[in-house]
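*Asks:* Mind looking over this structure? Questions follow.
Numbering (the UniProt record's numbering), first residue to last: 1 to 150.
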């Protein structure tokens, strides 16, 4: 399913995204170094082993980006005008190398655009869950979605 247009969404729509992704050491290393994040919990196995977690923690900004990426194909692919913002981002459980992620989305609000006829703001609640069904990331994502092309 490609992304939907504004008039194709309803409050309460839910999607269990089919794509799953196992997080690798390379994912964490590249993302952390690419974003200049030197946190030893993400990069130093010896340091991380002595932490309360006992191993490397995956960079939470990678976790957030993966959650959004897993949702795009079913929500906004080809219909997005702009991401307007993110709110209430939480990471209630850690992600470790080797964890397999899946995403779920719910539409929680719709508002017609005042400046773009047919378009509107769709607010999604995204959740990222691991293989143990623990929520590892959650947020609200406000998007401006185009109206249907006739």
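Don't be surprised by glycine CBs; every beta carbon is placed ideally from N, CA and C. Note that the structure is a prediction, hence the values are computed from the model and not measured.
For the structure I just gave you, are there three or more beta carbon pairs, one from the region 20-36 and one from the region 97-108, closer than 8 Å?
*Replies:* As far as the Cβ criterion goes, the region 20-36 touches the region 97-108, which means the pair count is three or higher.
*Asks:* For the beta strand (DSSP E) containing residue 126, name the first residue and the last one.
*Replies:* Taken as a continuous stretch (DSSP letters only), the beta strand (DSSP E) holding residue 126 covers 120-129.
*Asks:* Measure the beta-carbon distance from residue 93 to residue 141 and round it to whole angstroms, keeping in mind my assumption that it falls under 8 Å.
*Replies:* Contact doesn't hold; Cβ gap of about 20 Å is too wide.
*Asks:* Whose C-beta lies closer than 6 Å to the C-beta of residue 134 among residues of the same chain, with five residues either side of it excluded?
*Replies:* Once the five neighbours on either side are set aside, the close Cβ partners of residue 134 are 93.
*Asks:* Would you give the residue range spanned by the alpha helix (DSSP H) that residue 58 belongs to?
*Replies:* No alpha helix (DSSP H) holds residue 58; DSSP gives it neither H nor E.
*Asks:* Where does residue 36 land, buried or exposed, given buried means 16+ other C-beta within 10 angstroms?
*Replies:* The residue in question, residue 36, is exposed, as its Cβ has fewer than 16 Cβ neighbours within 10 Å.
*Asks:* Considering only C-alpha positions, which residue in the set 77, 129 and 51 is nearest to residue 2?
*Replies:* Selected option, being the one with the closest Cα: 77.
*Asks:* Can at least three beta-carbon pairs, one atom from the region 66-75 and one from the region 102-117, be found at a separation below 8 Å?
*Replies:* Short answer: they touch.
*Asks:* Roughly how many angstroms separate the alpha carbons of residue 108 and residue 22, rounded to a whole number?
*Replies:* Spanning the two alpha carbons is a distance of roughly 28 Å.
*Asks:* Assuming residue 81 contacts residue 138 (C-beta within less than 8 Å), just tell me the rounded distance between them.
*Replies:* Between residue 138 and residue 81 the Cβ distance is about 24 Å, and since that is not below 8 Å, they are no contact.
*Asks:* Does residue 119 pass the burial test, meaning 16 or more other C-beta atoms within 10 Å, or should it be called exposed?
*Replies:* Buried: at least 16 other Cβ atoms inside 10 Å.
*Asks:* What residue from 32, 44 and 110 has the CA that sits closest to residue 62's CA?
*Replies:* Ranking 32, 44 and 110 by Cα distance to residue 62 puts 32 first.
*Asks:* Hey, out of 74, 57, 88 and 147, whose CA is closest to residue 116's CA?
*Replies:* It is 147 whose Cα lies nearest to the Cα of residue 116.
*Asks:* Please go through the UniProt domain "MaoC-like" (11-116) and give each complete beta strand (DSSP E) segment of 3 or more residues, from N-terminal end onward.
*Replies:* If we require 3 residues or more, the beta strand (DSSP E) runs fully inside the UniProt domain "MaoC-like" (11-116) come out as 14-16, 80-90 and 100-112.
*Asks:* Tell me the rounded alpha-carbon separation between residue 59 and residue 42.
*Replies:* Cα to Cα, residue 59 sits roughly 6 Å from residue 42.
*Asks:* Grab me the residues of residue 48's own chain with a C-beta within less than 6 Å of its C-beta, minus the 5 sequence neighbours each way, in chain order.
*Replies:* Within the same chain, residue 48 has close Cβ partners 41, 55 and 56.
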